[in-house]
């Protein structure tokens, strides 16, 4: 026997409903007044009739119910309009895998676990604005919050993305000794179990063993210097045995080679990168504004084979309200094989477990020269496969895999997948004779211009900005304090297969704070590290070209400011270098500037302040005549030595 | 850029797989040896070929992945065999709404929120054994763990059912004052938010305001005497304002009329009863064994329109490992409109928020006498609607709604639903003239025999065992300590519409501990309360018949041991009544025995120990000559008074 208690609840929900109706009316009145005020001369993006409220589909904010079905219905409704605007009343919305679109996507630099689960699946739209009104979208389990697939003019704004139970965990160090480390984990936020003495995180539909660690200073949220990929706990740290202590702490028993500081926060990395936060594929003219990414199951915003993207006021940062030190699981903005104009401005990145921005193409390897007009190619990186690499009409470059030189170009007439890894490329013109198995191809059509402006690259694992595109690149008025190199210009066709020799890079008016290069990661040779992987380096055939670094401010505590390999046309001019003594120099490279196999290098007009380290230049595998240091401006003399 | 870490994991999973293969081989060898030993003379329930392992469908224990799809596939596979046995390797399995069968079910005494989500949906089976091997099934969100729909010979065993985030919460009282109560809630187990100063629980896909409270003694787990539905916090308690305190406690600001004891545990009731734990409908010969129900979203095991059910070693109890004081959200075993033999033995019930066992039919009201052979009837209880109330051939009783007398019987030839509430019954023979609108019908075909044996009815809200069936009922060798009446024999066609005048009830060799009747709930007139609701009571036409209460042991601290209304043939013989002084008497009824409008009542051979209260009998609306108290045996004299 049960007493009926639903009446009061029903009244409550009626009240809520009438409130939201009132809000809608108020909004419409405002819209009307605003329209009068602005007059018809100013184009209004959408007529009132094009506005679709998700509330119409039974979805109220803060209901904690699965929003997926209602949002799908609202998106379907949007298809009926020419200029649809999907509007959420401000509040919290929850998204579960249930009812999510399940689709096989091969996502660049992402583990190919399929299907991807897409609670908000924007596919085949010619135009769409999603205005979440400052709402908080909370996701559950392993899902991809937003998917924009073969759509144009999609504009998403005013939303934060988070998980109640994120795919990364953290702990506070409560004690250390020669034999153990003790940590405290908030089990409500980061549920875990112990299995065979190992720390295993469990969440909504997943279980995942701890596999990596980052140490953050509790007060400053900075990654503790000289940790990073050099190891927070030392080698063989995963031989620990975890034992619960009275009071709830965990003792990790093992004579760890390195101990973190008591009170510091360990970010405990676990789980696969299997979904992006916002996945943009095959799409054009998309815009993201006022978006906070607190957490993702993999890369933050992954754009691939897309064109003309604007990201403005995007924050990929830890959720301070939840006491977190980490934000996304991996990269912040990852652009793979895009084209057109990419603009990232007024954005912030902190607490990421991988590079904040990475722009590159995907090099593929020739595994069979089937005929003069047919090459069988292979995706070489396990996490970048299955993509539609080429399209009829695409221009490709043929790269000698030893010299990394693009020795010829061609145009594709067809693309035929064989399986997830391999595909056939068809050419009208015969492929040059010299091109052979093991050589690589890059797609030259899918190479974007990039502008990164007024962004803050704060404390993140790995590097700040990775640039691998031959398009026009402008990096200006940003602030860098990523723990590795601030900017990496790499390029290789032998290991990561992230292609793209640069041809036109301007790095201007940025500030490189002293947190840069406090930890070591791959390719971190200097604050700005130009470090392509070229098996047979030759100064006569430089890989990169035309890089201008000017009017920046560097605050190094260590020697290396600029490392450059295989560049033709590199100028470092009118920069200010200010010594910081906040950290102890540790980098093995004891030169401010290192140039390897470069041509046409200029150092000019740079100012030094304080007792900057090194004041020296190292030249390797190149002629001293290729370094120009004009005396007419006030730059102090750098000592030069060479091999 | 990402480093590949999956190799180790893959090796681990391979190792696990080979272990489970080894286990399977060992199991098969044992099975073979056992078969040899037992010989062919003993029937073996299933041949080895009929065993289906869920592991074959990619489901491993403790994976934390959603088990629903694999279990569905395994169930489909089971359909291929004559004697299928579905086997789970021991461990934890998680079930989410995703992929669950969604089906409209109208479940008795359950809020009709549809569709029901059925992760394990056993439908249309002729035979099936599910052996969970001692596994723990953990459910998420609002779902129905097991659904047995139109299936025969289904046997489920060796499983516990629980939620990580249950649909009921609890708190510890940390402080009280004239102006407030302070409580501490483990937010990891019972996540909550404050909305407008109100405590609102939030879970996996739901949000639910606190609407009721039970106070449990921290040490004994007993419901604090004189609380129950009389009110733990006093009237208007829900006018409180909740404010968080430093340290995480919540202060509930309001001058509560009653304060709970500091240190005691408040069970905070919230959420709708919208899914059963195990739902059995239209099914026959089903068996449940070695099952623990730690939590459900509504009734525990709801059986309706089903026949011949055996529940053995079923525990509906709080999960002590999680420090819980509550178990299921509502009733334990609820039998509505069943027939055949119902057997409940070696079962335990504790921490339930409603009656442990309730057996009844559903009375319906006549709302229109369309013709002599057609009655339009209505389900009268909001939570019991939409069921297939009648089947051609069913025998029904016509009940005068004022005297509650079954004045005639008839046989149905057809049942036609009009909507969820109303339906037409068709009769071959004309319905008696006297039967009119407002009179009621009960289905006499769907009335079971019931045996409840060797069960423990421990501390639960409400009553212990509710009996409303004309079938043969045996209640023996149980122990009762439910906080209200231990046994209630009710029956009404005016309020709850739970039908079923009893005709043959034997209550024998049970122990009624002193916790019985420590709190007040509806119909709790004595430890055994026979309390049908009859608007026009008349001793000449008793409602219930033939109730024998013998050889039991009662430990009352208060007056009322037996209350009986409208029974013909009631004997209370050879029982022992032992005074307990653990609690203070408070019941308004100051008689040991009260008989209202009864006939043929016998009190004989009862023994009293200690200073039992009352030693008296109250007769109302009946002739003193209908009470027999033979002097030949050793029973002490009870004083008798009457109206």
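Protein chains in written order, with our numbering: chain G, 1 to 643; chain V, 1001 to 1643. We put the CB at the ideal spot given by N, CA and C, even for glycine. Because the structure is a prediction, the values reported are computed rather than measured.
Item to complete: Please list the residues of the stretch 96-119 of chain G that have a C-beta atom closer than 7 Å to any C-beta atom in chain V, keeping them in chain order.
Response: 96, 97, 98 and 109
Item to complete: Pick helix, strand or coil for residue 244 of chain G, following the three-state DSSP scheme.
Response: strand
Worksheet item: Which residues in the same chain as residue 345 of chain G place their Cβ atom closer than 6 Å to its Cβ, once the five residues preceding and following it in sequence are excluded?
Response: 312, 453 and 454
Fill in: Selection from G:81, G:499 and G:86 that minimises the alpha carbon distance to residue 337 of chain G
G:499
Worksheet item: In three-state DSSP terms, what is residue 1315 of chain V?
Response: strand
Discussion item. Quick check on this structure: which residue in V:1143, V:1501, V:1315 and V:1076 has the alpha carbon closest to the alpha carbon of residue 1094 of chain V?
Written reply: V:1143
Worksheet item: At which residues does the alpha helix (DSSP H) containing residue 1073 of chain V begin and terminate?
Response: 1068-1078
Fill in: Beta-carbon neighbours of residue 178 of chain G, restricted to chain V and to distances below 8 Å
Correct list: empty, because the minimum Cβ distance to chain V is about 27 Å.
Discussion item. By alpha-carbon positions, which one of V:1464, V:1612, V:1139 and V:1492 ends up nearest to residue 1277 of chain V?
Written reply: V:1139
Practice prompt. Pull up the CB-CB distance for residue 117 of chain G and residue 102 of chain G, whole angstroms please, since I reckon it's below 8 Å.
Written response: 6 Å
Worksheet item: So what's residue 640 of chain G in DSSP terms, helix, strand or just coil?
Response: strand
Worksheet item: Are any of the Cβ atoms in chain V nearer than 8 Å to that of residue 121 of chain G?
Response: no
Practice prompt. At 3 residues or longer, and completely inside the stretch 468-544 of chain G: list those beta strand (DSSP E) runs for me, N to C.
Written response: 472-476, 487-489, 504-508 and 528-530
Worksheet item: Based on the DSSP output, what are the partners of residue 1258 of chain V in its beta bridges?
Response: DSSP, once it has assigned bridges, lists no residue as partnering residue 1258 of chain V.
Worksheet item: Between the Cα of residue 195 of chain G and the Cα atoms of G:189, G:240, G:182 and G:486, which residue gives the shortest distance?
Response: G:240
Fill in: In DSSP terms, what residue 345 of chain G is bridged to
G:312 and G:453
Item to complete: Use the C-beta contact count for residue 1437 of chain V: other C-beta atoms within 10 angstroms, 16 or more gives buried, fewer gives exposed.
Response: exposed
Item to complete: Classify residue 1006 of chain V as buried or exposed, calling it buried when 16 or more other Cβ atoms lie within 10 Å of its own Cβ.
Response: For residue 1006 of chain V, the pLDDT reaches just 40, beneath the cut-off of 50, and the residue's location in the model is therefore unreliable, although a value from the coordinates is still provided. Residue 1006 of chain V comes out exposed.
Worksheet item: Starting from residue 593 of chain G and walking both ways along the beta strand (DSSP E), at which residues does that stretch end?
Response: 593-596
Practice prompt. Spell out whether any CB of chain V is found under 8 Å from the CB atom of residue 482 of chain G.
Written response: no
Discussion item. Do residue 1171 of chain V and residue 1520 of chain V have their beta-carbon atoms positioned less than 8 Å apart in this structure?
Written reply: no
Item to complete: Return yes when the Cβ of residue 1352 of chain V is within less than 8 Å of the Cβ of residue 1331 of chain V, no when it is not.
Response: yes
Worksheet item: Does the count of Cβ pairs from the stretch 428-445 of chain G and the stretch 389-404 of chain G closer than 8 Å reach three?
Response: yes
Worksheet item: Per DSSP, what kind of secondary structure is residue 125 of chain G in: helix, strand or coil?
Response: coil
Worksheet item: Using a Cβ cut-off of 8 Å, which residues of the stretch 1229-1251 of chain V contact any Cβ in chain G, in chain order?
Response: none
Practice prompt. Measure the CB-CB distance between residue 1642 of chain V and residue 1619 of chain V and report whether it falls below 8 Å.
Written response: yes
Practice prompt. Check each residue of the stretch 1596-1614 of chain V: if its Cβ is closer than 7 Å to any Cβ of chain G, include it; give the result in chain order.
Written response: none
Fill in: 8 Å Cβ cutoff, residue 1468 of chain V in contact with chain G
no
Fill in: Nearest-angstrom Cα separation, counted from residue 1146 of chain V out to residue 1090 of chain V
18 Å
Item to complete: Mind listing, in chain order, the continuous beta strand (DSSP E) runs of no fewer than 3 residues lying wholly within the stretch 1166-1223 of chain V?
Response: 1169-1176, 1180-1184, 1192-1195, 1198-1202 and 1207-1216
Fill in: According to DSSP, residues forming a beta bridge with residue 116 of chain G
G:103
Item to complete: Give a yes or no on whether the C-beta atoms belonging to residue 1327 of chain V and residue 1310 of chain V are separated by under 8 Å.
Response: no
Discussion item. Going by DSSP in three states, residue 1322 of chain V sits in which element: helix, strand or coil?
Written reply: helix
Item to complete: Taking C-beta pairs closer than 9 Å, name the residues in chain V that residue 55 of chain G reaches, listed in chain order.
Response: Those do not exist, as residue 55 of chain G stays about 16 Å from chain V at its closest Cβ, beyond 9 Å.
Fill in: Residue(s) in a DSSP beta bridge with residue 1376 of chain V
V:1368 and V:1424
Worksheet item: What does residue 1066 of chain V reach in chain G if we use C-beta pairs closer than 7 Å?
Response: 205
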